[in-house]
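Counting from 1, position 450 in the first sequence corresponds to residue 445 in this note's numbering; the numbering is continuous, with no gaps. We put the beta carbon where it would ideally sit given N, CA and C, even for glycine. Structure first, then comments.
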Amino acid sequence: MTDPVTELHECFLSAMRAAFGGALPEGASPSLAASKNPQFGDFQANAAMGLSKAMGKPPREIASAIAEQLKKDERFMAVSESPEVAGPGFINIRLKSAALSRALAALDGVALGIDRPNAGAVETVVVDLCGVNLAKQMHVGHLRATVIGDALARLWERLGHKVIRQNHFGDWGLPIAMVTAAVKRGVDRGEIDLGTLTLERLERLYRSSQRVCEADEKGLAAAVRFGLGPKAMAELEAQVGGAREAQASSRAALVALQSHDPAYVSVWKRICDITLASCFEICRRLHANVTAEATAGESVFAHELEGLVADLVERGVAVESEGALVVRLEEFGIKEPCLVRKTGGGFLYATTDLAAIRRRVQSFGADRVIYAVDARQSLHFRQVFAAARKAGYTRRSDGAEALLFHAAFGTVLGDDGTPFKTRSGENVRLSDLLDEAVARAEAAVKEKSPELSEVERRAIAEAVGTGAIKYADLSNDRVKDYVFSFDRMLAFEGNTGPYLQYALVRVRSIFRKAKEQFGIEESVFERSPPAMTIVAPEEKAVALLLLRYPGAVRAAAESCEPHRLCAYLYDLAGAFSSFFASCPVLQAEDEATRMSRLRLSRLVGRVLRDGLDVLGIVPLERM
RNA sequence: GUGCCCGUAGCUCAACUGGAUAGAGCGUCGGCCUCCGAAGCCGAAGGUUGAAGGUUCGACUCCUUCCGGGCACGCCA
């Protein structure tokens, strides 16, 4: 027996068939769930209430009939105590102690109960994450796209699927040409050395070049209208003139880039390298697996856009509207059409996204494409997904439709409930955020564990600080906004990263002591694992939670909601803490109990470690 | 104006996708270290789940209408 729920599920199905035969509605399920309250047993089946109407019988009668069949089933009675019907028609199940031990032992393998899918069931999952922009530092806005995206990628990898991460790098378009032109001017004048150019300086250049280009044409129009004096007019005209000049130079730079002018391309490439080096460094610190191989800039698709739009026009998918080309989406219930080409002939964000979908589905063979992107882009993705479907770009070579999913996330807010910014209203740089969390973590580690060496303290502080930020982000419901607070995430109390890391540290500490005091090597638990006998209620709570691990990982992956795994791990850590407080392990009354509890603790430690790893949080031995 | 998302304890968040008595943390009050890491554990107080209807044996969850808040709405990305 690997999983008691699977076993119970099968028993219930045959009991239901035996009880009602053909009268059983198609697709009737036992709907088994873990019981919330120990008084209702370990598991409960809620099928009877649902079947009541379809079968025209009172739910308790149905439940009793199923229960009677179960009692006759030897296989069922081998794992469970006698089923009880309660309330409106719940069937409560209490596992036999031996069955619980067997189930735990089965979980205690390398896979921790998460078996790899059959060869045919392995999916290719593309995860769009991170999404940095050229010449810009990573800021809080990128935090969630990176942390959530990476966690989703890890979740699907953990289930044994093939995951392809795609960092959709904003490296193309007029604003990019703008900064490239500005940098090139600087280089030509000998004011900028590409070898020593920093991302900070690039960011300043980006902003100033943008400001110049944006000088207000509307202001000039207003000045004309309100008849401002000639001096004001002259000033405005000079500004606007400068803007026009800068815009013209940007457009020229874009044309140069598009036609692979080496003078521009080399500058642009250098800007890309500087931006990405910083991005990868921060992702490394965040333990987010984002690398050069996983990065596909918008420039990758630039040369495909013309052909793509031509394809859409040729097949009548895109039509002309007010001079632009659009894909109409009324049949998908979307009023706003998706623009794929501007009046002037330029392409848009949506055009690039369509090209990316086509590549991900038709070249990479994606079964599923997951976008970890801000919720504010919901409409955009609804449009693009619908347009891609209409165009047939979501159809794989084997004819199956790929699943496109926008894993939308809410905004990070400050204490005042408005988007998290610095006091001066700037975006908070991710590196500053991490530094602050790590510094606070280091102070705490120094206070709580002064005996640790500085090197070790540093490493722990890094893991705790970044873990706290990541966990705070992952543990909230993805689509909701959340309030960012160093104090809360690093208070090390409640549902936080450090609390989970600490629970694991306590497990590990037991094993250090077990070796010192009893000479117990951990390899014993692999070679000749002792029996796990579940007696105390705290042991049972831990045991039942352990069995739910594979389901928790699966639920988190399928719903693309990492917070479900967080909640599970928090429950497990809490149950372990209660167990730890009331059930002596090393000082247990007898040898068998000691070994049983050691193995149970070890299993908790393995699940915590695995779970933290799936979330991209560093597990620790000490802290 | 239209559409999408969100309203749960004083605060920050959950509630296994429709199940039994809505749970945690902070804060408040009270216990627990001669005993495996007290960054912990045990307990108390705190709720008309924004409001009103509806569907259901059963609703925080689904439907309708309001009320509050956020966001987005063809030539930016």
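Apart from sequence neighbours up to five positions away, the residues of its chain that approach GLU396 with a beta-carbon distance below 8 Å are ARG384, THR389, ARG390, ordered along the chain.
A contact is defined here as three or more CB-CB pairs under 8 Å, and the segment 397 to 412 meets this definition with respect to the segment 139 to 156. For PRO170, the closest of ARG160, GLN205, LYS157 by C-alpha to C-alpha distance is GLN205. Measuring C-alpha to C-alpha distances from LEU429 to each of ILE277, SER419, THR346 identifies ILE277 as the nearest. Ranking GLY311, ASP110, LYS475, ARG279 by CA distance to the CA of LEU425 puts ARG279 first. Separation of the CB atoms of VAL474 and ALA550 is rounded to 16 Å, and the pair is thereby denied contact status at 8 Å. If only complete runs of 4 or more residues are kept, the segment 42 to 121 shows the alpha helix (DSSP H) at 42 to 50, 54 to 67, 69 to 74, 92 to 102, in order along the chain. Of the candidates VAL335, ASP306, GLU331, VAL335 places its Cα closest to the Cα of GLY318. Distance from the CA atom of ASN490 to the CA atom of ARG89, rounded to whole angstroms, is 29 Å. Taking the CA atoms as reference points, ASP348 sits about 7 Å from VAL379. The alpha-carbon of CYS333 is positioned some 19 Å away from that of ARG354.
Going by C-alpha positions, ALA386 is about 14 Å away from GLU325. The beta carbon of PHE415 lies closer than 7 Å to those of VAL135, VAL407, LEU408, GLY409, VAL423, PHE479 in the same chain, with the five residues before and after it left out. Nearest neighbour of ALA98 by Cα position, chosen from LEU540, SER573, PRO(-1), PHE342, turns out to be PRO(-1).
Scanning its chain for C-beta atoms nearer than 8 Å, with the 5 sequence neighbours on each side dropped, one finds around SER96 the residues ALA526, MET527, THR528, ILE529, in chain order. Taking LYS91 as the centre and dropping the five residues before and after it, the same chain places the C-beta of ALA73, VAL74, SER75, GLU76 closer than 8 Å to its C-beta, in chain order. Rounded to whole angstroms, VAL250 and TRP167 show a C-alpha spacing of 12 Å.
Within the same chain, Cβ atoms closer than 7 Å to the Cβ of ARG601 are found at LEU107, the five residues on either side in sequence being excluded. One alpha carbon belongs to ALA176, the other to SER244, and they sit about 7 Å apart. Around the CB of ASN128, 16 or more other CB atoms lie within 10 Å, so the residue is classed as buried.
The beta carbon of THR346 sits closer than 6 Å to the beta carbons of LEU300, VAL335 from its chain, once the five residues preceding and following it are set aside; these are given in chain order. Counting only runs that start and end inside the segment 276 to 301, the beta strand (DSSP E) elements of at least 3 residues fall at 290 to 292. Fully enclosed alpha helix (DSSP H) runs of no fewer than 4 residues occupy 425 to 443, 449 to 469 of the segment 405 to 482, in order along the chain. Here the alpha carbons of SER577 and PRO532 stand approximately 10 Å from one another. Here ASP468 is buried, its C-beta having at least 16 other C-beta atoms within 10 Å. Under the three-state reduction of DSSP output, ILE266 falls in the helix class. By the beta-carbon neighbour count (other beta carbons within 10 angstroms, threshold 16), VAL314 is exposed. When DSSP states are grouped into helix, strand and coil, SER518 belongs to the coil group.
The beta strand (DSSP E) runs lying completely inside the segment 312 to 347 and spanning 3 residues or more are 313 to 316, 319 to 322, 333 to 336, given in chain order.
Secondary structure of GLN132 (DSSP, three-state): coil. The alpha-carbon separation between ALA454 and LEU150 amounts to approximately 25 Å. For TYR565, there is no enclosing beta strand (DSSP E); the residue is part of the alpha helix (DSSP H) that begins and ends at 557 to 577.
Between ARG12 and LEU19, the C-beta spacing is below 8 Å. Here the segment 502 to 512 lies against the segment 593 to 600, with 3 or more beta-carbon pairs under 8 Å apart. Put simply, of ASP605, ALA434, PRO53, ARG617 the residue whose alpha carbon is nearest the alpha carbon of SER448 is ARG617. Between HIS163 and VAL120, the C-beta gap is not smaller than 8 Å, which leaves the two residues out of contact.
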